[in-house]
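> Can you keep this structure in mind? I'll have questions shortly.
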Amino acid sequence: VDETSVFIAISAVHRVDALDACKFVIDEIKATVPIWKKEVYTNGEVWKENSEFIDRRPELGKVAAHGRKGCCGVKTKVDDGVELDCYGGAHAT
């Protein structure tokens with residue numbers, strides 16, 4: 431690959447857990463970073479910005495403020511009322 435890419439490495443006991451974590455990470459990247467992709471067609475090409483980022487722009491200020499409270503300065507996943515920090519620690523939300 432000679433262009434900027436995303437590499438995500440996840441380890442889990444079960445494959446489904448690793449795939450779910452990978453999907454979560456890539457969805458969060460797409461929602462918080464303006465990613466441009468080139469789509470090539472037979473009659474030309476076009477650069478597109480990801481709709482996940484465009485749809486979420488008004489919320490970015492809230493995300494940044496929340497991320498500063500975390501241990502790593504990144505977002506945390508909230509699942510079933512338990513918020514996981516970047517070290518895998520859990521606490522009630």
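Using our numbering, the first residue of the sequence shown is number 431, and each one after it goes up by one.
Backbone N, C-alpha and C fix where the C-beta goes; we use that ideal spot for every residue, glycine too.
#1: Please check the pair Ala439 and Ala451, which I expect to be a contact at CB under 8 angstroms, by giving their CB distance rounded to whole angstroms.
#2: Who are Lys468's beta bridge partners in DSSP?
#3: Taking the alpha carbon of Glu458 as the point to measure from, which residue in Thr434, Glu433, Asn480 has its own alpha carbon closest?
#4: Check whether the Cβ atoms of Val463 and Glu469 lie closer than 8 angstroms to each other.
#5: Work out the CA separation of Arg445 and Thr472 for me, nearest whole Å.
#6: In terms of alpha-carbon separation, which member of Ile456, Ala448, Lys467 lies closest to Phe437?
So, from the listed chains and residues:
#1: Here residue 439 is taken as the residue at index 9 of the sequence shown, counted from 1. Here residue 451 is taken as the residue at index 21 of the sequence shown, counted from 1. Incorrect: roughly 10 angstroms between the Cβ atoms, too far for contact.
#2: Taking the sequence shown and counting its residues from 1, one reaches residue 468 at position 38. Bridge partners of Lys468: Trp477.
#3: Numbered from its first residue, the sequence shown carries residue 458 at position 28. Per the Cα distances, Asn480.
#4: The count along the sequence shown starts at 1 and reaches residue 463 at position 33. The count along the sequence shown starts at 1 and reaches residue 469 at position 39. Cβ distance not < 8 angstroms, so Val463 and Glu469 don't count as in contact.
#5: The residue you call residue 472 lines up with position 42 of the sequence shown. The residue you call residue 445 lines up with position 15 of the sequence shown. Their Cα atoms are separated by approximately 37 angstroms.
#6: By 1-based counting over the sequence shown, the position of residue 437 is 7. Nearest of Ile456, Ala448, Lys467 to Phe437, Cα basis: Ile456.
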